[in-house]
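Take a look at the structure below.
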Amino acid sequence: MQARIYDAIVIGAGGMGSATAYHLAKSGADVLVLEQFQRGHTFGSSHGETRIIRFFYDKPFYTELMKTAYSEWRDLESASGKQLLFITGSINIGESGNQYVTSVRQSLDAAGVESEWWDAKQLAKQFSQFRVSNDMDILWQKDTGFLYASECVLTYLQVAEKHGVDVREEMPVTRIDWQSDIPIAHTEDVQFCGRKIIVTAGAWTSSLLKELNLPLTVTKQQVCYYKPSDIAMFEPERFPIFTEITSENEFMYGMPFFGKNGVKVARHGMGQTVSPNTCNRAPDSDYIQRMDTYLRERVPELGNTVDTEVCLYTETPDEDFIIDAHPLCPNLLIAAGFSGHGFKFCSLVGRIMSELALTGETTFDISPFRINRSYSV
Ligand SMILES: Cc1cc2nc3c(=O)[nH]c(=O)nc-3n(C[C@H](O)[C@H](O)[C@H](O)COP(=O)(O)OP(=O)(O)OC[C@H]3O[C@@H](n4cnc5c(N)ncnc54)[C@H](O)[C@@H]3O)c2cc1C
Numbered sequence: 003m004q005a006r007i008y009d010a011i012v013i014g015a016g017g018m019g020s021a022t023a024y025h026l027a028k029s030g031a032d033v034l035v036l037e038q039f040q041r042g043h044t045f046g047s048s049h050g051e052t053r054i055i056r057f058f059y060d061k062p063f064y065t066e067l068m069k070t071a072y073s074e075w076r077d078l079e080s081a082s083g084k085q086l087l088f089i090t091g092s093i094n095i096g097e098s099g100n101q102y103v104t105s106v107r108q109s110l111d112a113a114g115v116e117s118e119w120w121d122a123k124q125l126a127k128q129f130s131q132f133r134v135s136n137d138m139d140i141l142w143q144k145d146t147g148f149l150y151a152s153e154c155v156l157t158y159l160q161v162a163e164k165h166g167v168d169v170r171e172e173m174p175v176t177r178i179d180w181q182s183d184i185p186i187a188h189t190e191d192v193q194f195c196g197r198k199i200i201v202t203a204g205a206w207t208s209s210l211l212k213e214l215n216l217p218l219t220v221t222k223q224q225v226c227y228y229k230p231s232d233i234a235m236f237e238p239e240r241f242p243i244f245t246e247i248t249s250e251n252e253f254m255y256g257m258p259f260f261g262k263n264g265v266k267v268a269r270h271g272m273g274q275t276v277s278p279n280t281c282n283r284a285p286d287s288d289y290i291q292r293m294d295t296y297l298r299e300r301v302p303e304l305g306n307t308v309d310t311e312v313c314l315y316t317e318t319p320d321e322d323f324i325i326d327a328h329p330l331c332p333n334l335l336i337a338a339g340f341s342g343h344g345f346k347f348c349s350l351v352g353r354i355m356s357e358l359a360l361t362g363e364t365t366f367d368i369s370p371f372r373i374n375r376s377y378s379v
């Protein structure tokens, strides 16, 4: 009997893989998804209730791509009948003349996305929860919000399955044979053939594609949750997304009270290098202390950390994604290295991967994400 050949096999059912499966299936492809754990697991990068979605970036190509990413999230909401995207607006805080906030403003202007400079008085009028000094730069952007992240992943898989996608859980791929015309994904007991294989394996990408020696570093990241006594003051209607570059050059961010965990505040990056298989997922007390100290000054009503969560970043040296074909095999596609800011792009990356798999090209500019770039910072 001849082996079944899928149009596409997606390895990994996190944010990127689930969105890719949906877009492929919507285009009529015959798709298999192989996931090493159960859907919705907490060992990778896409779990937890919230992820920020924003236009603001200091690199203009991301701001441009976000225009389609937003509309693709709305498409998922229409396809599923669920609200997954919540708009709150955002404030970027930085010391006066801060390079990052200035570049963000320039990117937004270049893309025709409105933003406004506020002073401390205006901030106090709109959001009295914050304490900032008069000399700080504050940039307001009204379209920022958050995605109900864990639900987005489950929803992509559900709608993909409605379109006929076969999702197999607890099916780790041990090896990919890409030397033949039809690549093969090997699991412990079974082999699957696909005209295209798409690797969306997050922190496990390097171990699956050892021969490429990809410049990926996996780091442990932690987030802290807060339960203020006046919860209503921190609900999405009354509290925005905020980010801040501190005087110690830390990138702090926070978001409103949502779901069962509360207000989420974290420091982007600066995590310890780990292996995804052996990472100690216990909370780190120094980190909690730093976040609590920071908030005592900036948003004192939040109090102290009541809960934490650990998640993994898969970072490239320049913090830009890798979206490309394997240099030696055009039928093996890779989406990786989302460097702690990829979730908002899942909706677009899914579409791009589907276009690349089904037509060999994409209508979006993915030149910054080439696998063989210099990665210079
Ligand atoms: C704390 C934290 C906060 C973040 N905040 C934001 C934010 O506010 N906004 C934003 O845009 N982004 C944010 N991100 C980044 C974003 O969440 C990630 O970029 C994104 O989730 C990456 O998705 P992924 O599909 O590549 O990885 P994952 O979700 O980890 O998915 C990879 C999947 O592949 C599976 N897999 C791996 N190897 C195999 C194999 N051999 N066989 C079968 N399956 C396999 C894994 O089990 C996993 O399910 C944050 C990340 C973290 C950790």
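The sequence shown begins at 3 in the numbering used here and counts up by one. Just so it is clear, CB atoms sit at the ideal spot from N, CA and C, and this is done for glycine as well.
Proximity to residue i [Cα-Cα], best of the options
i: S105; options: E79, D139, D320; result: D139
i: G114; options: Q143, L86, L87; result: Q143
i: I368; options: S378, L334, L350, L87; result: L350
i: I243; options: F236, S249, G256, N251; result: G256
i: T386; options: S182, D191, V169; result: For residue 386 there is no data in the structure shown, the boundaries of the chain being 3 and 379.
i: M68; options: S80, I55, E79; result: I55
i: V220; options: Y315, A187, H43; result: Y315
i: L334; options: Q108, Y158, L211; result: L211
i: E153; options: S117, E51, Y227; result: E51
i: H343; options: D326, T90, F148, E74; result: F148
i: P174; options: S182, W180, A187; result: A187
i: C348; options: D309, T157, N263; result: T157
i: K198; options: R375, A359, I247; result: A359
i: T365; options: T70, C226, L214, D232; result: T70
i: E239; options: I89, S82, H43; result: I89
i: S117; options: E237, A81, R107; result: R107
i: T295; options: T280, N306, G46; result: N306
i: V225; options: V312, G96, S82; result: V312
i: V276; options: P370, F45, I13; result: F45
i: V201; options: C331, E74, G19, L214; result: G19
i: L159; options: R300, A21, D286, R353; result: A21
i: G385; options: E237, A151, Q124, I184; result: Residue coverage of the chain in this structure runs from 3 to 379, which leaves residue 385 outside it and unanswerable.
i: S356; options: V12, R6, F236; result: V12
i: D111; options: F57, R133, G91, F132; result: F57
i: V301; options: K229, Q181, H49; result: K229
i: I7; options: V265, C195, T245; result: C195
i: E380; options: N374, E363, K346, D288; result: Because the chain in this structure spans residues 3 to 379, residue 380 falls outside the shown range and cannot be described.
Same chain, Cβ closer than 8 Å to residue i, five either side skipped, listed in chain order
i: E171; result: A15, E37, F39, Q40, R41
i: E79; result: Q85, L86, L87
i: E97; result: D137, M138, D139, I247, S249
i: I178; result: I13, P185, I186, A187, H188, I199, V201, L210, L211, L334
Bridge partners - residue i, DSSP secondary structure assignment
i: S92; result: Q143, I243
i: R177; result: H188
i: Q223; result: C313
i: V103; result: None, per the DSSP bridge assignment.
i: Y377; result: Note: Y377 sits in no beta bridge, so no partner.
i: T52; result: Y150
i: Q193; result: H188
i: Y228; result: V265
i: C348; result: Paired residue(s): none; C348 is not in a bridge.
i: F253; result: I247, H270
i: T275; result: T221
i: W120; result: I140
i: Q260; result: The residue asked about is misnamed: residue 260 is Phe in this sequence, not Gln. Per DSSP, G264.
i: E97; result: M138
i: L125; result: In DSSP, L125 forms no bridge with anything.
i: V201; result: I13, I336
i: D60; result: In the DSSP output, where bridge partners are listed per residue, D60 has none listed.
i: L330; result: Looking at the DSSP assignment, L330 forms no beta bridge with any residue, so it has no partner.
Neighbourhood of residue i by C-beta, 7 Å cutoff - its chain only, sequence neighbours within 5 removed
i: A27; result: V33, A162, H165, G166, V167
i: P319; result: P217, Y377, V379
i: G273; result: T221, K222, Q223, Y315
i: A81; result: V161
i: W206; result: P278
i: E237; result: P258, F259
Residues near residue i in its chain [Cβ-Cβ closer than 6 Å; skip 5 each side]
i: L216; result: S208
i: R372; result: D326
i: F340; result: F323
i: R269; result: E252, M254
i: Q193; result: I186
i: E299; result: none
i: R283; result: V312
i: P370; result: F63, D322
Checklist entry - Taking the runs of the beta strand (DSSP E) that are 3 residues or longer, which of them lie wholly in the segment 3 to 41? => result 7 to 13, 33 to 36
Item to check | alpha helix (DSSP H) runs wholly inside the segment 145 to 174, at least 4 long, in chain order | outcome: 151 to 164
Next on the checklist: Which runs of the alpha helix (DSSP H) at least 4 residues long sit entirely within the segment 277 to 308? Give them in chain order.
Outcome noted: 287 to 300
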